[in-house]
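Colleague: The structure is given below, and queries will be raised subsequently.
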Amino acid sequence: MANTVLETRDLTVRFGGHVAVNNVTCSFNAGELTAIVGPNGAGKTTYFNLISGQIPASGGTVHLNGRDITRDAVSVRTHLGIGRAFQLTNLFPNLSVLENVRLVIQAKLNKGFNLFSMADSHTDISLAAEAALKRVNLQDLAAQLVSELSHGNQRKLEVALLIALEPTVYMFDEPTAGMSVDEAPVVLDLIEELKDDKTRTVLLVEHKMDVIRTLADRIIVLHNGALAADGVPAEVMASDVVQEAYMGKALEDV
Amino acid sequence: MLVKLISGDRPRSLILGLVLLAILVALAFAPFLFPGTRSVDTAARVCIFILLVASYDLMLGYGGIVSFAHTMFFGMGAYGVALASIHMGRGFDALLVGSVVGALAAAALALVIGLFSLRVRAIFFAMITLAVASAVAVLVSQLSGITGGEDGLSYKIPRALTSAAKYADEKVLGVRINGKLMNYYLVFFGSLILFLLLLRLVNSPFGRVLQAIRENDFRAEAIGYRVIYYRVTATCLSAVVAALAGSLFAIWLRYVGPDTTLSFEIMIDILLMVVIGGMGTMYGAVIGATLFVVAQNYLQNLLGAAEEALVDLPVLPLLLNPDRWLLWLGVLFVLSVYFFPTGIVGRLRRRG
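Residue numbers (numbering that gives the first Met the number 0), protein chains in the order written: chain B, 0 to 253; chain S, 0 to 351.
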């Protein structure tokens, strides 16, 4: 398990006087699914933003496969292997469902600067996109505009984009938020498949404790931007700091 | 074959398809269908403005980039041809050199403006283009030693493209086969080829990325597209095509001046044509430009005729006085924007 893929060292970001992520040093290994938990405002999404590059770090570094990517642009990190699904649905609303996925595959294949061929003549892209849609059960809606999809289906598409990207590191930010009870399993099964593959690095921000229990190999706890606990699920959940500080309420709910 | 020529971008509406076909046929045979200096001149302007508006739509409708410098690029192509024709003497070499240099200069300027300002927010780019375009317009009118100032420049183009050159003794369908006719077809085919090229661009993988950026630039970056490079490339391509449209215009008119190419009025016209035709659809440029240019040239006549017909009625003839043509043009725009917020093409496609 010592095969470190992603690592943050003293990663910090300050917004004015507020330290949103505070000296987080942590590494993530291949074949491991890590759940990131903590109360609202603990800095989970901000930590994700620092790793995938949407927010520049105030201090510290991010390393992917040993390479320092702290200064790289978001798109460069994506090509290096950081893949991210967003908490708030973040798609291309007036393009078709298929086109949304095609764009991801086209980016991966570096075909964006192909100026004089017809986009639809790249059948390899379309086939791969259709395959990705099938995995989230959206193949029948491929021709629809994204803006016409239900919220649950938009969440599925959000996940499909990440699956299509096939990154080294998968980052899921509350992938089932707002999904109905019968829709969520499609997404959770996919994440489980990724985990069972034993080669991928998966980071999962999630509030639902039952999901974390079934999926996580490891839990890290963020509290006020700092790393408060790190370990196997049973251990972390039982630890005093977690019980007292903020898991207490969540555990009662379960 | 035909589908490939239009890059698979079908009109997707029977009415739209027929209208486009009608416009194509009308422009292709304009000198024979509508003989007369004024009508052929209008047809040439329609061709050039279709191209100019389509190149603007590449930025605005597909890339979501608002620019106010499009007439500046248009003018660079036009002045390129004018200056080359004056300094190199009349000749096809001067036209070629002028067009190429104008297009390259436009691309270079677009690159600098783009790299400088597209990094930040789109509104910043709009403001910078406004500032640069105004500065260039002032420079052109001040540097009268080079540019002819407000008077503009007149120059000679190759005899083969003027009415002095005769290619046949007899008229064909009542039309003289002379250089002016050749000049029209240079404009027509030049515009057509460049338009089809733009159509290919927006339907290419690159065009899809532009649309993705327009829809959600944040996510486009996150799935691996370096947004700034795509925006700058679109701006440069758009500038090059605008400059080439300007070159065609300069060849057609044998005159350039601030009012015909650089003025802010033309910039507003372009914006209106894009919006009326339908943003983000190349065919919108065709419809918008055709309607607008024809209205600009013939609304006055139409009003004159209407005034005469209603001369016995009170008030109405006053309203329909040919001098009021701008008022009616304005009314037409307000109505069309009100009833077709997605443009004429958007409206037709929704029905079909």
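For every residue, glycine included, the Cβ atom is placed at its ideal position computed from N, Cα and C.
What three-state label does DSSP hand Tyr224 (chain S) in the structure shown?
Modeller: DSSP places Tyr224 (chain S) in coil when its eight states are reduced to three.
Colleague: Going by other Cβ atoms of all chains shown within 10 Å of its Cβ, with 16 needed for buried, is Lys155 (chain S) buried or exposed?
Modeller: With fewer than 16 other Cβ atoms within 10 Å, it is exposed.
Colleague: With Tyr55 (chain S) as the anchor, note down where its alpha helix (DSSP H) starts and where it stops.
Modeller: Here the alpha helix (DSSP H) through Tyr55 (chain S) covers 36-56.
Colleague: Under 8 Å between C-beta atoms, does Leu50 (chain S) make it to chain B?
Modeller: Closer than 8 Å: no.
Colleague: Under 8 Å, CB to CB, which of the residues in the segment 197-222 of chain S have a partner in chain B?
Modeller: Those would be Arg199, Leu200, Asn202, Ser203, Pro204, Phe205, Gly206, Arg207, Val208, Gln210, Ala211, Glu214, Asn215, Phe217, Arg218, Ala219, Glu220, Ala221, Ile222, in chain order.
Colleague: From this set, S:Thr161, S:Ile212, S:Arg199, which residue's C-alpha is nearest Arg225 (chain S)'s C-alpha?
Modeller: Considering only alpha carbons, the answer is S:Ile212.
Colleague: Listed from N- to C-terminal order along the chain, which residues in the segment 0-13 of chain S have their beta-carbon within a distance smaller than 7 Å of any beta-carbon of chain B?
Modeller: Here the close residues are Ser6, Gly7.
Colleague: Helix or strand or just coil, what does DSSP make of Asp252 (chain B)?
Modeller: Reliability of the predicted coordinates at Asp252 (chain B) is poor, the pLDDT of 46 falling under 50, and no value is obtained from them.
Colleague: Could you give the distance in angstroms between the alpha-carbon of Phe205 (chain S) and the alpha-carbon of Ala118 (chain B)?
Modeller: Roughly 8 Å separates the two Cα atoms.
Colleague: Should His17 (chain B) go down as buried or exposed, given a rule of 16 or more other Cβ atoms within 10 Å for buried?
Modeller: Burial call: exposed.
Colleague: Residue range of the beta strand (DSSP E) that Thr7 (chain B) falls in?
Modeller: Residues 3-14.
Colleague: Determine, using beta carbons only, whether Thr229 (chain S) comes closer than 8 Å to chain B.
Modeller: Looking at the sequence provided, one finds Tyr at residue 229 (chain S) rather than Thr. Closer than 8 Å to some Cβ of chain B, the Cβ of Tyr229 (chain S) qualifies, so yes.
Colleague: What residues in its chain sit with their C-beta under 6 Å from that of Gly63 (chain S), if we drop five residues either side in the sequence?
Modeller: Excluding sequence neighbours, Gly63 (chain S) sits near Arg213.
Colleague: Please report the straight-line C-alpha distance between Gly351 (chain S) and Arg253 (chain S), rounded to a whole angstrom.
Modeller: Model confidence at Gly351 (chain S) stands at a pLDDT of 47, short of 50, so the residue's coordinates are unreliable; what they give is reported in the following sentence. Cα to Cα, the separation comes out at about 43 Å.
Colleague: I need the straight-line Cα distance from Asp239 (chain B) to Pro38 (chain B), nearest angstrom please.
Modeller: If you take the alpha carbons of Asp239 (chain B) and Pro38 (chain B), they lie about 16 Å apart.
Colleague: Please report how far the alpha carbon of Ala219 (chain S) lies from the alpha carbon of Val100 (chain B), in whole angstroms.
Modeller: Cα to Cα, Ala219 (chain S) sits roughly 12 Å from Val100 (chain B).
Colleague: My output table needs one value for Arg83 (chain B): the three-state DSSP class, helix, strand or coil.
Modeller: It is a strand residue.
Colleague: Since Tyr224 (chain S) meets chain B, which of its residues come closer than 7 Å, beta carbon to beta carbon?
Modeller: Per Cβ cutoff of 7 Å: Ser74, Ala106, Gly111.
Colleague: Which runs of the alpha helix (DSSP H) spanning at least 4 residues fall entirely within the segment 97-157 of chain B, listed in chain order?
Modeller: Correct list: 122-134.
Colleague: So Leu243 (chain S) and Gly76 (chain S) are in contact, right, with Cβ under 8 Å, and what is the actual spacing, rounded?
Modeller: Their Cβ separation, rounded to whole angstroms, is 6 Å, which keeps Leu243 (chain S) and Gly76 (chain S) in contact under 8 Å.
Colleague: Can you find the residues in the same chain that come closer than 8 Å, C-beta to C-beta, to Phe73 (chain S), ignoring five residues on each side of it along the sequence?
Modeller: Here the set comprises Leu51, Ala241, Ala242, Ala244, Gly245, Phe248, Thr260, Leu261, Ile265.
Colleague: Give a yes or no on whether the minimum CB-CB distance between His150 (chain B) and chain S is below 8 Å.
Modeller: Answer no: the Cβ-Cβ gap between His150 (chain B) and chain S never drops below 8 Å.
Colleague: When the Cα atoms are used, what is the spatial distance from Gly277 (chain S) to Gly144 (chain S)?
Modeller: Roughly 41 Å separates the two Cα atoms.
Colleague: Using a Cβ-Cβ cutoff of less than 7 Å, which residues in the same chain neighbour Ala388 (chain S) once the five nearest sequence positions on both sides are dropped?
Modeller: Residue 388 (chain S) lies beyond the range of chain S shown here (0 to 351); nothing can be said about it.
Colleague: Please list the residues of the segment 179-199 of chain B that have a C-beta atom closer than 9 Å to any C-beta atom in chain S, keeping them in chain order.
Modeller: Correct list: empty, as no residue qualifies.
Colleague: Would you call the CB atoms of Tyr55 (chain S) and Ile227 (chain S) closer than 8 Å?
Modeller: Cβ distance not < 8 Å, so Tyr55 (chain S) and Ile227 (chain S) don't count as in contact.
Colleague: Out of curiosity, what's the CA-to-CA distance linking Ser125 (chain B) and Leu132 (chain B)?
Modeller: If you take the alpha carbons of Ser125 (chain B) and Leu132 (chain B), they lie about 11 Å apart.
Colleague: Do you know how far the Cα of Ile286 (chain S) is from the Cα of Pro340 (chain S)?
Modeller: Straight-line Cα distance between these residues: approximately 15 Å.
Colleague: If you measure between the beta carbons of Ser57 (chain B) and Val73 (chain B), is that distance less than 8 Å?
Modeller: No; because the gap between Cβ atoms is not below 8 Å, this pair is not in contact.
Colleague: With 8 Å as the limit, tell me which residues of the segment 22-55 of chain B have their beta carbon closer than that to any beta carbon of chain D; keep them in chain order.
Modeller: The chain labelled as chain D is not found among the protein chains of the depicted structure, namely B and S.
Colleague: Looking at Leu197 (chain S) and Ala233 (chain S), is the spacing between their C-beta atoms short of 8 Å?
Modeller: In this structure, Leu197 (chain S) does not lie closer than 8 Å to Ala233 (chain S) by Cβ.
Colleague: Could you tell me how far apart the beta carbons of Leu19 (chain S) and Pro10 (chain S) are, in whole angstroms, since I believe they sit closer than 8 Å?
Modeller: About 6 Å; that satisfies the 8 Å criterion.
Colleague: So which of S:Pro30, S:Gly35, S:Ser66, S:Leu26 has the shortest CA-CA distance to Ser237 (chain S)?
Modeller: Considering only alpha carbons, the answer is S:Ser66.
Colleague: Is Asp119 (chain B) near the ligand HEM - that is, is its Cβ less than 7 Å away from at least one heavy atom of it?
Modeller: Judged by which ligands are present, the structure shown has none, so any question about the ligand HEM falls away.
Colleague: At 7 Å on the CB atoms, spell out the chain S contacts of Glu6 (chain B), in chain order.
Modeller: Near Glu6 (chain B) there are no residues of chain S at all, since even the closest Cβ is about 21 Å away, more than 7 Å.
Colleague: Can you tell which of S:Ser140, S:Ala109, S:Gln141, S:Gly147 has its C-alpha closest to the C-alpha of Leu129 (chain S)?
Modeller: Of S:Ser140, S:Ala109, S:Gln141, S:Gly147, the residue nearest in Cα terms is S:Ala109.
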